[in-house]
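Line order of the protein sequences matches chains A and B. For the first sequence, our numbering assigns the number 17 to the initial residue and increments by one for each residue that follows. For the second sequence, our numbering assigns the number 15 to the initial residue and increments by one for each residue that follows. Presented below is the structure to which this report refers.
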Amino acid sequence: MEIREEHLDNGLMVLLAPVRTAPVATFWVWYRVGSRNEVPGITGVSHWVEHMMFKGTPTLAKGEIMHLVNRNGGVDNAFTSADYTAYFETLPSDRLELALRIESDRMVNALFDPDEVASERTVIISEREGAENEPRFWLSEEVQATAFKVHSYHHDTIGWKVDLQTMTRDDLYAHYKKHYAPNNAIIVAAGDFNADALLAKIADAFGALPRGGAPTPVTSVEPPQEGERRVKVRRPGPAKYWHAAYHVPQATDPDFFPLFVLCGVLDGVGSMSFSGGGSPGRSARLYRALVATGLAVDVDCSFRATIDPGTLDVAATVRPGVPIERVERALFAELDKIATKPVTDEELDKVIKQARSQFVYATDGVMNLGYWLGQWQVVSSYKAYGTFLDNLMRVTKADVTRVAAKYLAETNRTVGWFIPTDDNVRRKARRTSQRVRR
Amino acid sequence: MANSLPITPETITRATLDNGLVVLVKDNPNNASVTLRGRIRAGGLYDTDKTSGLAHFATAALQRGTRKRTFQKLNDELDQNGMSFGIGAGMETIGFSGKALVEDFDRLLDIVADVLLHPTFPRVETEKLRNELLTDLREADQDTQHVAYREFRAACFPATHPYHRLSDGRAETVKRLTLKALADFHARYFRPEVAALVVVGDVRASQAIEKIERKLGKWKVKGAAQAHVIPNAPKLKQILRKEIPLAGKTQADIVLGYPALSRTDPDFYALSLGDLIFGRLGLYGRLGAEVRDKQGLAYYVFSSVEANLGAGPWAVRAGVNPNNLDRAVEGIVAEIKRLRSAPVTQDELSEARDFVTGSLALRLETNEGVAATLGDVELFGLGLDYLQRYPNIIRAITPEQILAVAQKYAQVENYALAIAGPVNSAQ
């Protein structure tokens with residue numbers, strides 16, 4: 017598949033991937049802004065700005081965007097992460113111009129009406145409160161905040177509640193004006209279109225938008241961790257949860273691919289697509305050591321491509337009745353093993369095959385393709401599309417051992433425990449486990 | 015680009031094997047993978063109050079060991095080939111799905127056949143599964159969305175109705191189900207004559223059917239299939255409000271609704287367009303415009319019609335701060351009143367029509383999308399020409415028809431409402 021890269025004079029990057037297998041096309045705008053670009057007091061501002069992008073411009077009334085897209089047989093949405101904010105419309109291909117109209121308009125013209133900001137405040141807080149109903153959210157927020165002291169990966173994308181209560185309309189608008197401009201954005205289109213014709217339309221819709229000032233670069237660097245950090249969360253909950261975060265480098269680092277394989281050997285290769293799926297990792301090391309032995313109910317290794325150095329996370333749900341210390345010992349034993357003894361050829365082959373399949377699955381459908389290309393362009397380069405599997409295949413057994421020893425070190429980890437405070441739950445847990453042992 | 019539909023009588027090969035298994039194949043050379051989906055018309059509807067969770071447990075246990083493969087061997091084989099396979103029981107169907115690179119299609123089929131036909135229910139692995147299911151149930155017991163939905167279903171459908179319960183059962187019953195009960199469930203209900211298998215991918219239809227015949231042609235079960243009956247639930251006669259306080263929660267999740275209709279009911283299309291306008295189009299339809307956008311009361315508020323083989327509920331779900339609970343419920347009920355009191359506008363209706371007909375292409379863009387749609391076409395007996403007829407079916411719906419079905423199914427004085435949220439908040 018050919019991917020065409022173009023740049024407009026105002027700095028807007030355009031990536032076009034014509035795929036003419038179904039009469040559908042997807043149009044994405046990726047802004048290089050996320051919670052990574054936030055400072056204390058306005059945490060969560062990038063995500064809130066994303067919500068405001070549906071609340072009206074002078075020519076598109078609040079709520080109208082989604083109705084227009086629906087009316088044309090399309091779907092749209094947006095999401096915010098630490099590294100980016102992305103918007104997309106997927107439409108029947110003969111309606112694709114609607115996406116250009118919407119995105120070029122809200123790139124510069126969003127209103128941020130104070131009344132709309134006020135009513136959205138409770139919606140945003142409600143989104144956070146929904147997450148707070150999940151015990152795992154409290155634990156991962158705490159682990160993340162402990163692992164990062166200096167870098168803005170410290171806080172979750174949703175933001176701290178007090179900031180959501182106190183942030184002003186001016187804070188939101190200033191953030192928007194600073195980061196939403198053609199020179200800070202990437203357009204990705206994939207699907208049933210002629211690239212020349214679409215490029216001309218993109219130039220018409222976006223070419224006259226003024227270049228913005230250069231957004232303040234994120235200069236903070238997380239200093240090396242000098243020793244294990246630990247954190248406990250005590251709240252009502254149905255089970256004990258265990259979570260550890262290890263600092264690892266960014267997507268552009270040569271160690272990225274060995275780390276990808278490492279996580280695959282531990283837990284299988286997860287989905288690379290927008291729509292999820294992926295190996296549940298039941299033949300992989302962590303499942304065998306933790307779940308098959310009855311210590312944990314589930315276990316998971318996750319590792320994402322990020323702009324700045326991020327974390328590799330290992331998490332487990334402790335089986336009721338099992339002491340969390342036992343789960344921790346078993347997990348550390350597995351991580352020590354992979355850092356000291358080579359993985360097998362079979363394990364390496366398995367990860368490569370899983371990655372190859374996930375890659376094929378992830379490119380079934382233009383929406384998945386648009387997601388893949390845009391996300392990689394933000395953190396590294398869309399060209400990873402052509403080199404991803406080759407880079408994985410170059411990883412050796414020695415590479416895996418080396419990165420495991422380097423990054424899965426005690427001094428480099430933050431360990432979190434979630435301990436339920438509800439006595440009833442703990443009593444029930446003990447009874448269940450006794451019954452099982454008989 | 016040809017604007018042709020992927021599902022028509024000409025593009026789909028449909029065959030019935032001698033044992034009654036229906037096979038549908040769609041050849042798609044555009045992605046080097048193959049997606050397989052199957053459904054068996056059986057599930058939690060055959061559970062009783064004492065065996066609640068049986069179908070769910072028995073079905074999940076199929077993967078824990080078969081005649082040819084231990085649990086570990088099955089997992090190794092799937093992972094070594096980058097394949098996926100999963101199977102689970104709902105209330106009225108058992109669904110399974112698998113995915114593989116096209117080079118591994120034969121392997122995937124072999125696993126599917128092995129799991130469906132020859133599970134062994136090994137004790138150690140099945141007991142581990144039981145523990146996992148019990149932990150799932152305990153986690154679900156503290157999940158506000160799950161608890162609200164479960165209690166809503168219990169209030170909306172009488173105790174004798176299958177929909178009164180959820181298919182995952184209760185801890186008390188799941189603890190007691192014997193391995194023999196699991197094996198008996200499999201032996202009785204996994205039957206080719208109530209099953210359909212859909213294959214979409216880079217495979218030639220005739221070859222795929224031959225392969226399936228080889229692997230699944232021997233699948234035979236004595237006796238006749240049990241009747242698959244889901245009675246219509248009686249209408250609610252009052253407001254049934256149930257509140258479940260849960261410790262450590264910040265947000266209250268609510269479900270409000272009533273029994274509605276089945277997928278094959280003639281009212282289905284009018285009601286589903288009405289539901290789109292009421293709680294889905296744009297950002298959650300009229301509900302979203304009022305409760306989220308205007309009043310800022312909830313991050314999510316939407317409606318859905320669960321029209322299955324049986325008449326499932328039509329319900330609104332929302333997550334709200336406990337202080338806004340009463341206002342949110344009032345806002346939802348006001349929108350129900352409005353839907354019942356005046357026809358939707360022509361503008362609203364045309365948006366709903368244009369959306370469902372225009373977005374067909376999107377739903378059918380991936381192998382998974384085609385397989386899911388094809389599975390529904392078969393399950394509900396819609397016919398392979400269904401998508402060709404669909405635009406006309408939709409265009410024929412009028413605002414008056416939507417008003418009539420809204421008045422028939424939506425209720426403002428007789429509804430079930432369940433609220434799960436912070437302790438001391440749901441007054």
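From the three backbone atoms N, C-alpha and C, an ideal C-beta is built for every residue, glycine too.
Residues sharing a beta bridge with residue i, DSSP
| i | result |
| --- | --- |
| Val237/A | DSSP output for Val237/A lists no bridge partner at all. |
| Phe95/A | Ala102/A |
| Ala434/B | Ile258/B, Asp267/B |
| Phe319/A | Leu328/A |
| Ile460/A | Residue 460/A lies beyond the residue range present for chain A, which begins at 17 and ends at 454; the question has no answer from this structure. |
| Val264/A | Gly326/A |
| Gly72/A | Gly72/A pairs with nothing; no bridge assigned. |
| His23/A | Met29/A |
| Ser317/B | Val330/B |
| Ile435/A | Arg250/A |
| Pro108/A | Val40/A |
Chain B contact residues for residue i, given Cβ-Cβ distances below 7 Å
| i | result |
| --- | --- |
| Ser51/A | Those within 7 Å of Ser51/A in chain B number zero; the least Cβ separation is about 18 Å. |
| Tyr377/A | Ser47, Lys113 |
| Ala149/A | According to the sequence displayed, residue 149/A carries Asn and not Ala. Residues of chain B passing the Cβ test: Thr158, Lys263, Thr264, Gln265. |
Residue i versus residue j - alpha carbon distance
| i | j | result |
| --- | --- | --- |
| Ala430/B | Gly310/A | 40 Å |
| Gly381/A | Asn381/B | 8 Å |
| Pro245/B | Asp61/B | 15 Å |
| Thr158/B | Leu260/B | 8 Å |
| Leu398/B | Val212/B | 13 Å |
| His63/A | Thr73/A | 18 Å |
| Thr356/A | Gly280/A | 17 Å |
| Cys317/A | Gly243/A | 22 Å |
| Trp176/A | Ser236/A | 20 Å |
| Val441/A | Gln266/A | Any reading at Val441/A needs caution, since the residue's pLDDT is 42, under 50, leaving its predicted position unreliable; the model's value is listed next. Those two C-alpha atoms are separated by around 40 Å. |
| His195/A | Asp179/A | 19 Å |
| Val315/A | Val330/A | 7 Å |
| Ala127/B | Asp41/B | 21 Å |
| Leu215/A | Lys193/A | 25 Å |
| Tyr423/B | Ser97/A | 41 Å |
| Arg52/A | Leu401/B | 46 Å |
Three-state secondary structure (DSSP) of residue i
| i | result |
| --- | --- |
| Ser47/B | strand |
| Pro34/A | strand |
| Phe282/B | helix |
| Arg443/A | Reliability of the predicted coordinates at Arg443/A is poor, the pLDDT of 37 falling under 50, and no value is obtained from them. |
| Ala190/A | helix |
| Pro252/A | coil |
| Arg179/B | coil |
| Pro274/A | helix |
| His259/A | strand |
| Arg331/B | strand |
| Ser295/A | coil |
| Thr27/B | strand |
| Pro151/A | helix |
| Leu301/B | helix |
| Ala209/B | strand |
| Ile408/B | helix |
| Asp442/B | Here chain B has residues from 15 to 441 only, and residue 442/B is not among them. |
Contacts of residue i in chain A (Cβ-Cβ under 7 Å)
| i | result |
| --- | --- |
| Glu365/B | His83, Asn86, Arg87 |
| Thr134/B | Ordered by position in chain A, no residue passes the 7 Å Cβ test against Thr134/B, which lies about 17 Å from the chain. |
Neighbouring residues, chain A, relative to residue i (Cβ below 9 Å)
| i | result |
| --- | --- |
| Glu443/B | No statement about residue 443/B is possible, as the shown extent of chain B runs from 15 to 441 and does not include it. |
| Gln94/B | Ser299, Glu362, Asp365, Lys366, Lys369, Gln370 |
| Val330/B | Those do not exist, as Val330/B stays about 16 Å from chain A at its closest Cβ, beyond 9 Å. |
Chain-ordered chain B contacts of residue i [CB-CB under 8 Å]
| i | result |
| --- | --- |
| Glu136/A | Gly310 |
| Thr106/A | Leu376 |
Chain B contact residues for residue i, given Cβ-Cβ distances below 9 Å
| i | result |
| --- | --- |
| Ala38/A | Met15, Pro20, Asn44, Ala375, Leu376, Leu378, Glu379, Thr380 |
| Pro336/A | Asn145, Leu148, Thr149, Arg152 |
| Ala332/A | Those within 9 Å of Ala332/A in chain B number zero; the least Cβ separation is about 12 Å. |
Cross-chain neighbours of residue i in chain A, by beta carbon under 8 Å
| i | result |
| --- | --- |
| Ser66/B | Ordered by position in chain A, no residue passes the 8 Å Cβ test against Ser66/B, which lies about 18 Å from the chain. |
In chain order, which alpha helix (DSSP H) runs of at least 4 residues are fully inside the segment 355-392 of chain A?
361-378
Write down every uninterrupted run of the beta strand (DSSP E) in the segment 97-156 of chain B whose length is 3 residues or greater and which is fully enclosed by it, in chain order.
Unbroken beta strand (DSSP E) runs of no fewer than 3 residues, entirely contained in the segment 97-156 of chain B, are found at 98-103, 108-115, following chain order.
Chain-ordered residues of the segment 239-251 of chain A with a beta carbon less than 7 Å from chain C
The structure shown has no chain C; the protein chains it does contain are A and B.
Tell me the start and end of each unbroken alpha helix (DSSP H) in the segment 345-430 of chain B that is at least 4 residues and wholly inside, in chain order.
Here the runs fully enclosed are 360-372, 374-377, 381-393, 400-409, 413-423.
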